[in-house]
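Novice:
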Amino acid sequence: MFDAIVFAVIALGFEARCALERDTGGQERLYKILDIIRHCKFGIHDISFMRVDPKIRLPRYNMAFELGVFLGCYEFGGRQHAAKSCLILDRDRFRYRKSISDLSGRDIKEHKGDPKQAIVRVRDWLATESGPETLVGGRFIAEQYERFRKQLPRLCTRSKRRTRELTFIEYRGIVASWLRANS
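Here our numbering = 1-based position in the sequence shown + 81.
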């Protein structure tokens, strides 16, 4: 799902960012996240990744925590953060109520675990929030993503890498290059 969302963001002409873009031991991950939130107008938070880790039998709340930081920045960050906008995604529209009922009243969009639906949701939200510029359709981007996914193993083989070994920066670069060559 993450790869599909990143692909959609780049295909729509926006910059995809996440804490994985920097791999420095000199900065705690939280500070990387805070820095990204500080500098980004838009935030996409897919809380479908909240699930109980079977090894430790505790839930993973990283995405929900990051969403809370984003909402706090929007709410308390003054004028410079008042224009922030976020898209909250989940597998099912009301699943969050079981674990984060305080999100009630937020317009959470469901993707049903389907990357194509997530792409359409991201596209529609960015089209609404980014202004009057016309963006290509979500189904078109989803079709591009399917073609890209089929070609990705071959693209990685050429550079002697495996798909699952790509860093976020490498994946983002390959997506951007592929889109330039295939648009």
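Idealized CB from N, CA, C, for every residue including glycine.
Is the beta carbon of residue 83 closer than 8 Å to that of residue 226?
Specialist: Between residue 226 and residue 83, the C-beta spacing is not below 8 Å.
Novice: Using DSSP with H/G/I as helix, E/B as strand and the rest coil, what is residue 234?
Specialist: helix
Novice: Could you name the residues that DSSP lists as bridge partners for residue 170?
Specialist: 127, 190
Novice: For residue 212, which option in 113, 109, 101, 122 has the closest C-alpha, if you only look at C-alpha atoms?
Specialist: 122
Novice: Closer than 8 Å by C-beta to residue 187: which residues in its own chain qualify, once you throw out the five before and the five after it? Chain order, please.
Specialist: 169
Novice: Going along the chain, which residues of its own chain have a beta-carbon closer than 8 Å to the beta-carbon of residue 134, five neighbours each way excluded?
Specialist: 140, 141
Novice: Taking 6 Å as the limit between beta carbons, can you name the residues of its chain near residue 201, skipping five residues before and five after?
Specialist: 219
Novice: Relative to the C-alpha of residue 193, which candidate in 204, 172, 209, 199 has its C-alpha closest?
Specialist: 172
Novice: With DSSP as the reference, please indicate the residues paired to residue 140 in a beta bridge.
Specialist: 133
Novice: Is DSSP giving residue 217 helix, strand or coil here?
Specialist: coil
Novice: If the criterion is Cβ atoms closer than 8 Å, does the pair residue 229 and residue 256 meet it?
Specialist: yes
Novice: Would you mind reading off the limits of the alpha helix (DSSP H) that contains residue 80?
Specialist: Because the chain here runs from 82 to 264, residue 80 falls outside it and cannot be looked at.
Novice: Please return the same chain residues whose Cβ sits closer than 6 Å to the Cβ of residue 259, not counting the five positions on each side in sequence.
Specialist: 229
Novice: Three-state secondary structure (DSSP) at residue 261?
Specialist: helix
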